[in-house]
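Participant:
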Amino acid sequence: MLGTMRVIDRTGDTKIIWDSAKDAEVENARRTFNDLRKKKYNAYMVKKDGEKGAVITEFDPEAEKIIMAPQMVGG
Amino acid sequence: MVVYGSNTSASTWYQWCTSDSTTATAPTANTVIWNGWVASSTTVSITASTDATWYAWNDGVVSRVQVIPYNAPSTETEAQRQARLQREEQYRQEAEARKKEQEEANARANELLESNLSDEQRRQLREIDAIIINLVSRQYRIRRDGAVHELDKDGKPVASYCIHPRENFPPADIMLAKKLMLETDEGAFLRIANKTPIPVAN
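Chains as they are written, first to last, in this note's numbering: chain A, 1 to 75; chain B, 1001 to 1202.
As structure tokens, this is what we get:
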């Protein structure tokens, strides 16, 4: 199964795709996930068409779609 | 500066230009001293500590004075000129490249945002450039300009919430980040955002 991680950044977003059956791709996606979490990015597992997603704190290789959003601060 | 006077005598003018001991005083709208200068060769002693004399000159003697800006001749060599033109062209190309990058970033962010909206939210985005988030206890409106408002049951804003990422991102990305945060962890959103109540008009 193919999973997609969209990382919000200055270019709009960077897309990382992995095949849950391929260890190297899963490991690459997991490493990216963990690196961003260390930078205090919030991770959301989302569904299609705007349905409410869920916060995740661990990388799930079976997730179809993950969005990594930057930390927010009060203005 | 080119100055035309009605008198050929320039004794006072020369004295003014060559001596730093000459001073001038004149009320703002009084051109008597200037008229005296150009109409008479009599030496005029005047004192000024501000530019009032200059204003007086120009206010009252438009018909006598034509001030032409002095454009100093260029001291740029041809090689320097070519180098300057090259730099300017480089700056222009860099600015265009930055603008193109920004447009592409905005397009990607818009696509990501829209792919995470309901049909109704996509319609709201087209019509009001904002999306409405309906939670159990509250309704929020997230605008593309960054504003987040809590809405009452009639859709009127009752509070404003200021919250944003630490760095700059395309506006659509920030909208999406706020939407996700509100929908999944409203408590964290309310703890972090600075809230400003909006008085309800009577």
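Just so it is clear, CB atoms sit at the ideal spot from N, CA and C, and this is done for glycine as well. Since this is a predicted model, take the numbers as computed values, not measurements.
#1: State the beta-bridge partners of B:Lys1195 as determined by DSSP.
#2: What in chain B is Cβ-close to A:Met72, meaning under 7 Å?
#3: Are the C-beta atoms of A:Glu51 and some chain B residue less than 9 Å apart?
#4: If the cut is a Cβ gap below 8 Å, which residues of chain A does B:Pro1157 touch?
#5: Closest Cβ-Cβ distance between B:Asp1145 and chain A: below 9 Å?
#6: Please state if the CB of A:Asn34 and the CB of B:Met1181 are separated by a distance shorter than 9 Å.
#7: Pair every Cβ in the stretch 49 to 57 of chain A with every Cβ in the stretch 1143 to 1151 of chain B, then say whether three or more of these pairs are closer than 8 Å.
#8: Identify the contact partners of B:Asp1185 in chain A, using a Cβ-Cβ distance below 7 Å as the criterion.
#9: Which residues mark the beginning and the end of the beta strand (DSSP E) in which B:Asn1134 is found?
#10: What does B:Asn1106 reach in chain A if we use C-beta pairs closer than 8 Å?
#11: Which residues in the same chain have their Cβ closer than 6 Å to the Cβ of B:Thr1196, if we skip the five residues on either side of it in sequence?
#12: Can you give me the start and stop residues for the alpha helix (DSSP H) that A:Asp19 sits inside?
#13: If you count every other CB in all the chains shown that lies within 10 Å of the CB of B:Ala1097, and 16 or more means buried, which is it?
#14: Using the Cα positions of B:Tyr1140 and B:Gln1102, report the straight-line distance between them to the nearest angstrom.
#15: Identify, in the order they occur along the chain, each residue of the same chain with its Cβ nearer than 7 Å to the Cβ of B:Leu1117, setting aside the five sequence neighbours on each side.
#16: Relative to the C-alpha of A:Gly12, which residue among A:Ala69, A:Met1, A:Val26, A:Glu62 is closest?
#17: Check for me: the alpha helix (DSSP H) holding B:Gln1139 runs from which residue to which?
#18: Helix, strand or coil for B:Leu1117? Go by DSSP, reduced to three states.
#19: Tell me which residues of the stretch 1109 to 1127 of chain B have at least one Cβ-Cβ distance to chain A shorter than 7 Å, keeping chain order.
#20: Cutting at 8 Å between CB atoms, please list the residues of its own chain near B:Pro1171, excluding the five before and the five after it.
#21: Quick check on B:Gln1121: buried or exposed, where buried means 16 or more other Cβ atoms within 10 Å of its Cβ?
#22: Is the separation between the beta-carbon of A:Met1 and that of A:Lys15 shorter than 9 Å?
#23: Would you identify the three-state DSSP class for B:Asp1152, choosing helix, strand or coil?
#24: Is DSSP giving A:Thr4 helix, strand or coil here?
#25: Would you mind stating whether B:Ile1192 and B:Ile1174 have Cβ atoms separated by less than 9 Å?
Facilitator: On the basis of the supplied data:
#1: Paired residue(s): B:Tyr1161.
#2: Taking a Cβ-Cβ cut-off of 7 Å, the neighbours of A:Met72 in chain B comprise Ile1163, His1164, Pro1165, Ala1177, Met1181, Ile1192, given in sequence order.
#3: For A:Glu51, the answer is yes, since a Cβ of chain B falls inside 9 Å of its Cβ.
#4: What B:Pro1157 touches in chain A: nothing, since even the nearest Cβ is about 17 Å away.
#5: Closer than 9 Å: no.
#6: No; because the gap between Cβ atoms is not below 9 Å, this pair is not in contact.
#7: Contact between the stretch 49 to 57 of chain A and the stretch 1143 to 1151 of chain B is absent, because fewer than three Cβ pairs lie under 8 Å.
#8: Residues of chain A passing the Cβ test: Val55.
#9: B:Asn1134 -> beta strand (DSSP E) spans 1130 to 1134.
#10: Below the 8 Å Cβ cutoff, chain A contributes Gly12 as neighbours of B:Asn1106, in chain order.
#11: Taken in chain order, the residues that qualify are Ser1160.
#12: Where A:Asp19 is concerned, there is no enclosing alpha helix (DSSP H), although the beta strand (DSSP E) around it starts and stops at 12 to 19.
#13: Counting Cβ neighbours within 10 Å, B:Ala1097 comes out exposed, since fewer than 16 surround it.
#14: Rounded to whole angstroms, B:Tyr1140 to B:Gln1102 spans 28 Å at the Cα level.
#15: Result list for B:Leu1117: Leu1125, Ile1131, in chain order.
#16: In terms of CA proximity to A:Gly12, A:Ala69 leads the group A:Ala69, A:Met1, A:Val26, A:Glu62.
#17: First-last for B:Gln1139: 1139 to 1143, but that is the beta strand (DSSP E), not the alpha helix (DSSP H).
#18: Coil.
#19: So the close ones are Ala1109, Leu1112, Asn1116, Leu1117, Ser1118, Gln1121.
#20: Cβ within range, chain order: Asn1106, Ala1109, Arg1144, Asp1145, Gly1146.
#21: Around the beta-carbon of B:Gln1121, 16 or more other beta-carbon atoms lie within 10 Å, marking it buried.
#22: Going by C-beta atoms, A:Met1 is not nearer than 9 Å to A:Lys15.
#23: B:Asp1152 falls in the coil class under three-state DSSP.
#24: Here A:Thr4 sits in strand by DSSP.
#25: 9 Å or more divides the Cβ of B:Ile1192 from the Cβ of B:Ile1174.
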